[in-house]
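In what follows, a structure is listed as structure tokens, so that the remarks can point back to it.
In the numbering used here, the protein residues as written are 19 to 345.
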């Protein structure tokens, strides 16, 4: 399944596939919770963690004789691996098998991406010495040796209609080439930050990045994380800081890293908005929650004291050494 719970591919015993097809488990059908109610695929995408549902835990009656085990694909590849079958044949190690398959999908995806970028690098080697050019594939992955690639991260938004927003450079012209794009970076004097507007005027937050046509829907916790990083300023927050603010220090830093990972997954091609070690808004982005965000329904309903009592202007937390690996 992809990041919208759309079935991309199925395999298995032919008789079981016929049964699952009658329940709608076929290529092209969406299995998010809005479409088919509570199911393992939708839950795994929403929570970012492995999910097992047995029989009557499903919403749909036609699924109540089945088990489903769904595991998100790790890394930047958004999607889910799901194993389903008759409830009577469920095995406790099924989740381990699904996790192994998800890791294999991630590994194969990385290998294909490396090969794709390497072909681009060899094909357009003559352009790689130009510091004002960035070479990317059709998904926005940057060929590492092109332009100031360290400054924009491993991925930028996929170019469309001859232009693309590049963090730290603003909107830049993009020329299509075979297998990718050549992006002409704007002169230093013309560079402007990419503005990410965090809308909090309703119960569920969303992020609107510059002139992007569609907002990025976020969970409440993801909106709170972005607000905390906005308030922390350039000094940022370490995982232990975030754990203390969100959970009173009673949560391990690994939980915070998992939450940040889910936030980056939700940001998609703008995952580089959140920098690491410490966590902070990456240079080249401007996060704007709006002038009246402190009076928004979102903030008034937050359980995080640091957000409800935020100062009038963002403050920078003290930078300190921390041995945690905040990635």
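Just so it is clear, CB atoms sit at the ideal spot from N, CA and C, and this is done for glycine as well.
In angstroms with no decimal places, state the Cα-to-Cα distance between residue 75 and residue 239.
The sequence position of residue 75 within the chain shown is 57, counting from 1. The sequence position of residue 239 within the chain shown is 221, counting from 1. Near 25 Å, if we compare the C-alpha coordinates of residue 239 and residue 75.
Going by beta-carbon coordinates alone, are residue 28 and residue 51 separated by less than 8 Å?
As a working note, residue 28 is residue 10 in the chain shown. As a working note, residue 51 is residue 33 in the chain shown. In this structure, residue 51 does not lie closer than 8 Å to residue 28 by Cβ.
Do residue 124 and residue 93 have their CB atoms nearer than 8 Å?
Here residue 124 corresponds to residue number 106 of the chain shown, with the count starting at 1. Here residue 93 corresponds to residue number 75 of the chain shown, with the count starting at 1. With contacts defined by Cβ atoms closer than 8 Å, residue 124 and residue 93 form a contacting pair.
What is the DSSP secondary structure of residue 260, reduced to helix, strand or coil?
The residue given as residue 260 occupies position 242 in the chain shown. Helix, per DSSP.
Below 7 Å, is the gap between the Cβ of residue 312 and the nearest heavy atom of the ligand NAP?
The ligand NAP is not part of the structure shown, which contains no ligands of any sort.
Closer than 8 Å is the cut-off here; do at least three beta carbon pairs connect the region 29 to 48 with the region 63 to 77?
no
Same chain, Cβ closer than 6 Å to residue 227, five either side skipped, listed in chain order
Along the chain shown, one-based indexing puts residue 227 at 209. Closer than 6 Å at Cβ, skipping near neighbours: 214 and 288.
Is residue 257 near residue 274, with beta carbons less than 8 Å apart?
Translated into positions along the chain shown, residue 257 becomes position 239. Translated into positions along the chain shown, residue 274 becomes position 256. The answer is yes: Cβ separation under 8 Å.
Where residue 194 falls, given that 16 or more other Cβ within 10 Å makes a residue buried
Within the chain shown, numbered from 1, the residue matching residue 194 stands at position 176. By the 16-neighbour rule on beta-carbons within 10 angstroms, residue 194 is exposed.
For residue 290 and residue 152, the rounded distance between their alpha carbons
To locate residue 152, count along the chain shown from 1; it is residue 134. To locate residue 290, count along the chain shown from 1; it is residue 272. Approximately 16 Å between the Cα atoms of the pair.
Do residue 279 and residue 66 have their CB atoms nearer than 8 Å?
Numbered from its first residue, the chain shown carries residue 279 at position 261. Numbered from its first residue, the chain shown carries residue 66 at position 48. Going by C-beta atoms, residue 279 is nearer than 8 Å to residue 66.
From residue 216 to residue 233, what does the alpha carbon distance come to, in whole angstroms?
Within the chain shown, numbered from 1, the residue matching residue 216 stands at position 198. Within the chain shown, numbered from 1, the residue matching residue 233 stands at position 215. In this structure, the alpha-carbon of residue 216 lies about 10 Å from that of residue 233.
DSSP state of residue 167 mapped onto helix, strand, coil
Mapped onto the chain shown, residue 167 falls at position 149. Legend: pLDDT at residue 167 = 45, less than 50; position of this residue unreliable, no value from coordinates given.
In this structure, does DSSP put residue 78 in helix, strand or coil?
Walking along the chain shown from the start, residue 78 turns up at place 60. Coil, per DSSP.
N-terminal and C-terminal residue of the beta strand (DSSP E) that residue 316 is part of
On the chain shown, residue 316 is found 298 positions in, with the first residue counted as 1. Run containing residue 316: none in the beta strand (DSSP E); it sits in the alpha helix (DSSP H), 315 to 318.
Per-residue DSSP class, three states only, for residue 138:
For the purposes of this step, residue 138 is taken as residue 120 along the chain shown, with counting starting at 1. Helix at residue 138.
My assumption, with CB atoms under 8 Å, is that residue 241 sits in contact with residue 316. Please give the rounded CB distance.
Counting from one through the chain shown, the residue named residue 241 turns up at place 223. Counting from one through the chain shown, the residue named residue 316 turns up at place 298. The Cβ separation is near 6 Å, so the contact holds.
4 or more residues per run - each alpha helix (DSSP H) lying fully within the region 37 to 118:
51 to 54 and 58 to 65
Under 8 Å between the Cβ atoms of residue 263 and residue 244?
Mapped onto the chain shown, residue 263 falls at position 245. Mapped onto the chain shown, residue 244 falls at position 226. No; because the gap between Cβ atoms is not below 8 Å, this pair is not in contact.
To the nearest angstrom, how far is the alpha carbon of residue 261 from that of residue 204?
As a working mapping, residue 261 is identified with position 243 in the chain shown. As a working mapping, residue 204 is identified with position 186 in the chain shown. Those two C-alpha atoms are separated by around 39 Å.
Cβ separation of residue 100 and residue 91, assumed to be a contact under 8 Å, to the nearest whole Å
On the chain shown, residue 100 is found 82 positions in, with the first residue counted as 1. On the chain shown, residue 91 is found 73 positions in, with the first residue counted as 1. Not really, about 11 Å apart at Cβ, beyond 8 Å.
For residue 175, name the three-state secondary structure that DSSP assigns.
On the chain shown, position 157 is the one that residue 175 refers to. Coil at residue 175, not helix or strand.
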